[in-house]
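Q: The sequence shown stops at residue 236 when you use the numbering used here, and every number in between is there. Glycine included, C-beta positions come from ideal geometry on N, C-alpha and C. Bear in mind the structure is a predicted one, so any value in this text is a computation, not a measurement.
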Amino acid sequence: MLIRRAFTGLLSIKPIQSISIKELCEQAGINRGTFYTHYQDIYDLLADVENEMKQDFQKALEPLLYTEENSSLLGICTGIFRCLKENYDMCVVMLGDYSDKQFVSALLDIGRQRCMEVYSGFFPKASKKEIEYYYAFVSAGCIGLLRRWLADGMEQTPEELASTAEKIMMSGIAYLETAE
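(1) Counting only runs of 4+ residues fully inside the segment 192 to 229, write out the alpha helix (DSSP H) ranges in chain order.
(2) Would you kindly report the start and end of the unbroken alpha helix (DSSP H) that includes Tyr-92?
(3) Have a look at Tyr-154 and Leu-102 and give me their C-alpha separation to the nearest angstrom.
(4) Skipping 5 residues on each side, what residues in its chain have a beta carbon closer than 7 angstroms to that of Ser-195?
(5) Got a sec? Which residues, its chain only, sit under 8 angstroms from Leu-66 by beta carbon, not counting five neighbours each side?
(6) Excluding the 5 residues flanking Gly-200 on each side, which residues of the same chain have their C-beta closer than 7 angstroms to its C-beta?
(7) Would you call Gly-131 buried or exposed, if buried means 16 or more other Cβ atoms sit within 10 Å of its Cβ?
(8) Tell me whether Met-57 sits in a helix, a strand or coil according to DSSP, three-state version.
(9) Taking Leu-206 as the reference, give the member of Met-146, Gly-167, Cys-171 and Ile-86 with the closest Cα.
(10) According to DSSP, is Asn-143 part of a helix, a strand, or is it coil?
(11) Note down the Cα distance separating Thr-134 from Gly-89, rounded to an integer number of angstroms.
(12) Do Leu-129 and Met-225 have their C-beta atoms closer together than 8 angstroms?
(13) Would you decide whether Ile-59 is buried or exposed? Buried here means 16 or more other CB atoms lie within 10 Å of its CB.
(14) How would you call Gly-253, buried or exposed, if buried means at least 16 neighbouring beta carbons within 10 angstroms?
(15) Is the beta carbon of Arg-138 sitting closer than 8 angstroms to the one on Pro-71?
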């Protein structure tokens, strides 16, 4: 836990390429031997942290994505934002300026299939390709919305942000006409 906390702290202020094992160990208050007992190098630690977050994210999403009562856009978005709020420290790092773009892509892939099924239900006349484009557009927008939420210190509740996301997804720019 000390290693992870020190690592996320450093990763929030500099890219991984600039983090040395020596610096990480000093920050964590451990010796290098302790680090190497658990990890081969800094990238091994990053992979471990990313895998842990992906597993947490997938575990949180499973009941939302694969049960009928939770498969509304609002239900899925609320669950996603709750999970991300619970992992705030990791989200700041993994979605921040020095984030791994492949990690973000892997997170988006977790719910891709189910979300596309939900979208197909909302838009039955849309082709598979149109749904894929819509998912790409919406998921990029959700990442932007999430980054804004993180930058604002998560002032809105996950439920409020999910409601905003759902309105934007369903009505696009017309959302601004109904904004209070």
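A: From the atom records:
(1) 214 to 227, all fully within the segment 192 to 229.
(2) 88 to 94 is the span of the alpha helix (DSSP H), which, as asked, contains Tyr-92.
(3) Answer to the nearest angstrom: the Cα atoms are 12 angstroms apart.
(4) Counting only Cβ-Cβ distances below 7 angstroms, and skipping sequence neighbours, we find Leu-164.
(5) Counting only Cβ-Cβ distances below 8 angstroms, and skipping sequence neighbours, we find Ile-75, Glu-79, Leu-80 and Gln-83.
(6) There are no such residues.
(7) Buried, since its Cβ has 16 or more Cβ neighbours within 10 Å.
(8) Secondary structure of Met-57 (DSSP, three-state): coil.
(9) Put simply, of Met-146, Gly-167, Cys-171 and Ile-86 the residue whose alpha carbon is nearest the alpha carbon of Leu-206 is Met-146.
(10) The three-state reading of DSSP puts Asn-143 in coil, since its state is none of H, G, I, E or B.
(11) Between Thr-134 and Gly-89, the C-alpha separation is close to 42 angstroms.
(12) The Cβ atoms of Leu-129 and Met-225 lie closer than 8 angstroms to each other.
(13) Label assigned to Ile-59: buried.
(14) The question about residue 253 has no answer, for the chain in this structure spans 57 to 236.
(15) No, Cβ-Cβ distance for Arg-138 and Pro-71 is not below 8 angstroms.
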